[in-house]
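Residue numbers (the UniProt record's numbering): 1 to 295.
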């Protein structure tokens, strides 16, 4: 299946004429016919019903037309992107994070960075912590935004702290913890817990969760694959969740009560080197001077 075949099919479908399609594509009519036949053979379906008087799309052709148009449009956008040499000049900055809520925290910094570099093209990656650190080591990511890891988990990178994040117990507003200044680990013994899937977490958060589980039976635990999913389950009244305050959306109608016995954890950025990377160097400088605050 080739791009030219897609272009031929899209042109015939739009004009309902092989002759007009050939004229539009500046090729001969037999060439268009040959490409359509080859495409139908590869797909194993008939895309067009043609007679000496008319050309009509089959049901399969109507469905395939959407895919063909999309492929042609993407190809055209890619071609036009390089028609103007000046449009090729972009400054990429690839940042990784294991939660998009961590990225939201950086929106103000990225805004300031874009003012300094109008050709800035941030690329945001979200996956598990272990994958992100591997991408960083291999050079596929400029920096990873997240929590400082435990000493046992060695990361071949420099760490720059942005701020300390409180660990809070998140629950419904009408929960029995309402009005409390803090919540202890012992207080949670009578609560169902909402936890993050361990392999998606950095070890520092995984250790904290391990303290809370304490041999509890499975029916008392709900595991989620993201902070966003955990917040939804809390709002549904399925339990409480202990998490860094960063993970809780500001507009969520939930209680955020500080946890006793659990110290705030460091939140910041890991990077391998600033040498030769002006955009990353400026980004880290903004983090230091602005304190990572959003605007």
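Think of the CB as a built atom: it goes at the ideal place given N, C-alpha and C, for glycine as much as any other residue.
All of these numbers come straight from a predicted model, not from anything done at the bench.
CA nearest to the CA of residue i, picked from the options
{"i": "residue 261", "options": "92, 119, 111 and 166", "result": "166"}
{"i": "residue 247", "options": "222, 230, 235 and 36", "result": "230"}
{"i": "residue 157", "options": "188, 270, 163 and 57", "result": "270"}
{"i": "residue 197", "options": "172, 184, 241 and 178", "result": "241"}
{"i": "residue 303", "options": "208, 235, 239 and 227", "result": "Outside the shown range of the chain (1 to 295) lies residue 303, about which nothing can therefore be said."}
{"i": "residue 208", "options": "181, 265 and 54", "result": "265"}
{"i": "residue 284", "options": "106, 19 and 46", "result": "106"}
{"i": "residue 277", "options": "111, 73, 8 and 120", "result": "120"}
{"i": "residue 234", "options": "190, 244, 173 and 279", "result": "173"}
{"i": "residue 20", "options": "54, 38 and 249", "result": "54"}
{"i": "residue 63", "options": "263, 48 and 191", "result": "48"}
{"i": "residue 249", "options": "237, 217 and 232", "result": "232"}
{"i": "residue 228", "options": "244, 89, 90 and 30", "result": "244"}
{"i": "residue 91", "options": "18, 111, 122 and 30", "result": "122"}
Cβ-Cβ separation, residue j to residue i (assumed contact under 8 Å), whole Å
{"i": "residue 98", "j": "residue 136", "result": "Contact doesn't hold; Cβ gap of about 12 Å is too wide."}
{"i": "residue 13", "j": "residue 61", "result": "7 Å"}
{"i": "residue 289", "j": "residue 116", "result": "Wrong, their Cβ atoms sit about 13 Å apart, outside the cutoff."}
{"i": "residue 145", "j": "residue 95", "result": "6 Å"}
Reduced DSSP category for residue i - H, G, I as helix; E, B as strand; rest coil
{"i": "residue 256", "result": "strand"}
{"i": "residue 89", "result": "coil"}
{"i": "residue 165", "result": "strand"}
{"i": "residue 197", "result": "coil"}
{"i": "residue 159", "result": "strand"}
{"i": "residue 37", "result": "helix"}
{"i": "residue 144", "result": "strand"}
{"i": "residue 262", "result": "coil"}
{"i": "residue 192", "result": "coil"}
{"i": "residue 222", "result": "strand"}
{"i": "residue 172", "result": "strand"}
{"i": "residue 1", "result": "coil"}
{"i": "residue 26", "result": "coil"}
{"i": "residue 150", "result": "coil"}
{"i": "residue 127", "result": "coil"}
Sub-7 Å separation of residue i and residue j beta-carbons
{"i": "residue 103", "j": "residue 42", "result": "no"}
{"i": "residue 6", "j": "residue 71", "result": "yes"}
{"i": "residue 254", "j": "residue 223", "result": "no"}
{"i": "residue 171", "j": "residue 259", "result": "no"}
{"i": "residue 93", "j": "residue 142", "result": "yes"}
{"i": "residue 257", "j": "residue 180", "result": "yes"}
{"i": "residue 147", "j": "residue 126", "result": "no"}
Cβ shell of residue i (< 7 Å), same chain only, five flanking positions each side left out
{"i": "residue 287", "result": "109, 160, 162 and 269"}
{"i": "residue 212", "result": "185, 188, 193 and 242"}
{"i": "residue 69", "result": "10"}
{"i": "residue 4", "result": "35"}
{"i": "residue 280", "result": "93, 142, 143, 271 and 274"}
{"i": "residue 191", "result": "239 and 240"}
Sequence-distant residues of its chain with Cβ nearer than 8 Å to residue i (five each side left out)
{"i": "residue 46", "result": "40, 58, 60 and 61"}
{"i": "residue 28", "result": "22"}
{"i": "residue 164", "result": "264, 265, 266 and 267"}
Cβ neighbours of residue i in the same chain (closer than 6 Å, five flanking residues each side left out)
{"i": "residue 272", "result": "157"}
{"i": "residue 56", "result": "49"}
is_contact[residue i, chain C] using C-beta, thresh 7 Å
{"i": "residue 116", "result": "Looking for chain C here will not work: only one protein chain is present."}
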